[in-house]
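Participant: Got a structure here, written out as structure tokens. Questions coming.
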Amino acid sequence: MKRVLPIVVASVGVVLSAAPSFADARAKARSDARTEIEFGLQVAQKGLWHEAIYRWEKATQIDPTYAAAFNDLAIAYEHEGQLDKARKAYEKALELDPNNSQIRQNYELFKEINDRTSAAREK
Amino acid sequence: MIGRVRPEKSNGAGHVAVLATAALLAGFAIACGPDYYEIPIETPIQPKLDVSPFQRVLVAGFVAGGTEDVDANQETVRLLRSQLRTKSQLRVIDADILPLMDVAQEDAKPAAIADSGPREGGSGQSTTDHQVSGQPAAPQGVALPAKIKDDKDIEPYERLFANTAYWKRIGEEYQNPLIVTGTVLFMPQSRSGFVQRDQEVMDSFGRRRVVPMRSYLERKGFVLKPKFVFIDGRTGATMYSESYREEVLYNAQQQTPALSSYFELMDRLVPNFLSALSSQKIKGTRVLLK
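From first to last, the protein sequence lines stand for chains A and B.
Take the first sequence: its position 69, counting from 1, is numbered 69 in our numbering, and each next residue is one higher.
Take the second sequence: its position 55, counting from 1, is numbered 178 in our numbering, and each next residue is one higher.
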């Protein structure tokens with residue numbers, strides 16, 4: 001018992017000390033992803049959509065829970081005519097933030113075009 | 124004296140602190156900025172048809188009817204040719220418009236005669252050019268109405284588009300282009316009933332209010348129902364077809380010429396027609412988020 005106690009105490013210590021570091025890591029990931037998103041926003045507004053895609057893909061890799069990154073990436077894919085990828089990215093964005101009206105509105109507008117063209121192809 | 128100096132010093136420090144805070148807040152506001160940006164985008168849409176085997180397109184003509192105020196065959200051919208010239212990679216063939224109604228009626232004749240018994244001195248084979256290679260006449264004994272007034276009248280004419288021998292012959296004549304043909308029904312319509320409209324009223328306090336009002340209206344206008352058929356000029360086979368319906372209604376008192384209504388309705392359909400042959404860009408706006 002005497003031998004086990006220090007191990008238990010040490011383990012609890014490790015877990016407790018690790019907990020804040022997970023939170024820190026997550027916050028850092030969000031911050032890094034946000035930097036990529038902001039850069040992507042700047043270049044997209046200048047019409048450099050390929051660079052924007054690169055940045056936003058990176059943002060989604062850094063923080064896969066960042067809905068805005070998936071939304072922006074979906075828009076860029078849509079602009080480039082990569083409609084399958086756009087649909088998946090919009091769906092992921094909505095999965096992460098289902099109550100975001102702006103993402104939903106983007107997705108509805110996208111669906112209107114995509115459904116129309118695929119319906120026409122099925123004719 | 125000292126008492127006066129001290130407050131001055133502390134005031135200066137206060138100003139610096141206020142300025143620093145203001146600068147910090149301004150910097151923060153700039154760094155944060157808005158959380159969303161509206162951005163215009165253009166979504167490219169791939170053509171529905173693979174037109175790569177063709178270099179030329181022949182808008183052959185249409186089986187048309189509905190009203191005598193507009194020659195829907197001629198107007199549709201003219202409009203589509205001019206649109207294709209500017210918005211498609213294909214070279215548009217300038218040729219006489221095919222009188223497809225006459226062709227279909229001509230095709231119907233032998234079958235009608237055959238139904239009434241063998242012809243004198245005839246071999247029993249087709250007498251028209253459109254039945255080469257033993258192809259049956261397109262409408263096969265179905266009486267074709269001389270004038271097209273509605274959908275029912277146009278239906279028997281549609282068999283003409285399945286007459287591959289005829290279209291192959293047209294294709295050979297024009298060196299195997301992509302052939303665009305079909306039917307166009309443009310007819311007047313009138314409708315009456317209750318319509319809900321917003322109306323401004325003044326309430327008892329003299330304030331303006333907008334309230335929905337239902338009123339009975341008699342309206343008239345036109346309906347346009349085109350069916351575009353795309354035929355491979357090398358084989359005479361139909362590659363693709365699509366049908367549309369558009370309508371416009373005006374107040375009964377309003378006098379709108381049939382031709383301007385026709386163009387108004389065709390304007391709505393032309394992008395869809397073109398999207399079958401060439402890639403299109405659909406403009407819109409989306410919201411980018413931070």
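All C-beta atoms, glycine included, are put in the ideal place defined by N, C-alpha and C.
A quick note: this is a predicted structure, and the numbers were derived from the prediction, not measured.
Once DSSP output is grouped into helix, strand and coil, what is the label at A183 of chain B?
Facilitator: Residue state, collapsed to three classes: strand.
Participant: Counting contacts by CB-CB distance shorter than 9 Å, is A29 of chain A in contact with chain B?
Facilitator: Taking Cβ atoms only, chain B never reaches closer than 9 Å to A29 of chain A, which makes this a no.
Participant: Please determine if the stretch 371-378 of chain B and the stretch 322-330 of chain B are in contact, where contact requires at least 3 C-beta pairs separated by less than 8 Å.
Facilitator: No, because fewer than three Cβ pairs between the stretch 371-378 of chain B and the stretch 322-330 of chain B fall closer than 8 Å, the two stretches do not touch.
Participant: For chain B, find out if any of its Cβ atoms is closer than 9 Å to the Cβ of D84 of chain A; answer yes or no.
Facilitator: No, its Cβ sits nowhere closer than 9 Å to a Cβ of chain B.
Participant: Output needed for K291 of chain B: all residues of its chain with C-beta closer than 7 Å, excluding positions within five of it in sequence on either side, in chain order.
Facilitator: So the qualifying residues of the chain are T358, G359.
Participant: Would you say Y385 of chain B lies against chain A (beta-carbon separation less than 9 Å)?
Facilitator: So, not an interface residue.
Participant: Following the continuous beta strand (DSSP E) through L185 of chain A, name the residue where it begins and the one where it ends.
Facilitator: With chain A covering 1 to 123 only, the question about residue 185 of chain A has no answer from this structure.
Participant: For D97 of chain A, does the count of other Cβ atoms within 10 angstroms reach 16, so buried, or fall short, so exposed?
Facilitator: The residue is buried, with at least 16 neighbouring Cβ atoms inside 10 Å.
Participant: Would the beta-carbon of A67 of chain A fall within 9 Å of that of I113 of chain A?
Facilitator: No; because the gap between Cβ atoms is not below 9 Å, this pair is not in contact.
Participant: Does any residue of chain A have a CB that is nearer than 9 Å to the CB of E369 of chain B?
Facilitator: So no, E369 of chain B is outside the interface.
Participant: Taking P311 of chain B as the reference, give the member of B:L172, B:E191, B:M362 with the closest Cα.
Facilitator: Closest option to P311 of chain B, Cα to Cα, is B:E191.
Participant: Mind reading off the beta-carbon distance from S313 of chain B to K343 of chain B? Whole number of angstroms is fine, and I expect it under 8 Å.
Facilitator: Confirmed, about 4 Å.
Participant: Verify whether the separation of the beta carbon atoms of R55 of chain A and K413 of chain B is less than 9 Å.
Facilitator: Against a cut-off of 9 Å, the Cβ pair of K413 of chain B and R55 of chain A comes out as no contact.
Participant: Give me the Cα-Cα distance between K350 of chain B and D274 of chain B, rounded to the nearest whole angstrom.
Facilitator: Going from the Cα of K350 of chain B to the Cα of D274 of chain B covers about 11 Å.
Participant: E51 of chain A by DSSP, collapsed to three states: which one?
Facilitator: Here E51 of chain A sits in helix by DSSP.
Participant: Can you tell me whether DSSP reads R314 of chain B as helix, strand or coil?
Facilitator: Strand, per DSSP.
Participant: Under 9 Å between C-beta atoms, does P349 of chain B make it to chain A?
Facilitator: So no, P349 of chain B is outside the interface.
Participant: Would DSSP call S211 of chain B helix, strand or coil?
Facilitator: Here S211 of chain B sits in coil by DSSP.
Participant: DSSP state of G329 of chain B, grouped into three classes?
Facilitator: Of the three classes helix, strand and coil, the one that applies to G329 of chain B here is coil, per DSSP.
Participant: Please state the DSSP three-state secondary structure of L372 of chain B.
Facilitator: L372 of chain B falls in the strand class under three-state DSSP.
Participant: Listed in chain order, which residues of the stretch 350-362 of chain B have Cβ atoms closer than 7 Å to some Cβ of chain A?
Facilitator: Result list empty, no residue passes.
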